Every structure is written in structure tokens, then in C-alpha cells.
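A.B. asks:
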Amino acid sequence: MTETPMREPTFLVLTALAEEPRHGYAVIEDVAGMTGGRVRLRAGTLYAALDRLRAEGLIEVDREEVVQSRLRRYYRLTGAGEQSLATETARLRAQATIAERRLHARQTRLGGATT
Numbered sequence: 001m002t003e004t005p006m007r008e009p010t011f012l013v014l015t016a017l018a019e020e021p022r023h024g025y026a027v028i029e030d031v032a033g034m035t036g037g038r039v040r041l042r043a044g045t046l047y048a049a050l051d052r053l054r055a056e057g058l059i060e061v062d063r064e065e066v067v068q069s070r071l072r073r074y075y076r077l078t079g080a081g082e083q084s085l086a087t088e089t090a091r092l093r094a095q096a097t098i099a100e101r102r103l104h105a106r107q108t109r110l111g112g113a114t115t
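Residue numbers for the sequence shown follow the UniProt record's numbering, so the first one is 1 and each next one is one higher.
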């Protein structure tokens, strides 16, 4: 049985947490940085995703602190989250390798035909 491919926002959130525990705003900023601003997670979307990922056992709360009278919660990957991210990374890499191979073959064919 094959797993369903991970949605891009989920992949990016897990990737943001792979390096170190982060609080929500730091995840938003890291995702924006990783994607050159192409993906901008909204707070409501992010926190719903964080709740879902916690329920799935892919992330957990690392610690909490109060900053300017507001609770800041830091999240980290669990072992299951790390494995899920590694599996999706391998799947994407395999797909990218196929695409690169086919593009190279196409360029070789087209290059040979025009010479």
C-alpha cells in the first residue's frame, strides 16, 4: 500500500521543524524564506495544521514560554514526523530524478534533430 503524497504546506511545516524547534511565527517566516516568498502561511492555517500534525503524532510541543504576556509554544518533530518527512523527501527526489532524466533525453533528441 502506498502512502498519499504529502500536501506542500505540510511538507514545508515539517521541513521548518526539522532543523530545530520553532514557534508558529518562526515557522511562517521559515516557510516564506524556503520558498522565496511563494508560500505565505496564514496564522489560522498554520495553527490548524499544527493541531492536525500533533494529533497525527508527527510533531509535539517542545516547550512554552510567555513573551509580552502571550504564550509562545515551540514545536518539534517526533520520530514519526522525521520518518514521514524522510519518506516524502525520497518520493519527491525520485519524481524529480525521473523528470530530469526525461527532460535531458528530450533536449538530447531535440538538439540532435536541429543540428
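No residue lacks a Cβ here, since even glycine has one placed at the ideal position from N, Cα and C. Keep in mind that this is a model prediction, so the values were computed, not measured.
With distances taken between CB atoms, is the gap from residue 88 to residue 21 smaller than 9 Å?
C.D. replies: no
A.B. asks: Determine whether the beta carbon atoms of residue 47 and residue 60 lie at a separation below 9 Å.
C.D. replies: No, these two residues do not count as a Cβ contact at 9 Å.
A.B. asks: What does a CB cutoff of less than 6 Å around residue 90 pick up in its chain, not counting 5 residues either side in sequence?
C.D. replies: none
A.B. asks: Note down, one range per segment and in chain order, each beta strand (DSSP E) of at least 3 residues found wholly within the UniProt domain "Transcription regulator PadR N-terminal" (13-86).
C.D. replies: 59-67 and 70-77
A.B. asks: Can you tell me whether DSSP reads residue 9 as helix, strand or coil?
C.D. replies: DSSP places residue 9 in helix when its eight states are reduced to three.
A.B. asks: Measure the alpha-carbon distance for residue 84 versus residue 64 and round it to whole angstroms.
C.D. replies: Rounded to whole angstroms, the gap between the alpha carbons of residue 84 and residue 64 is 25 Å.
A.B. asks: Relative to the C-alpha of residue 71, which candidate in 36, 25 and 10 has its C-alpha closest?
C.D. replies: 25
A.B. asks: Should residue 98 go down as buried or exposed, given a rule of 16 or more other Cβ atoms within 10 Å for buried?
C.D. replies: exposed
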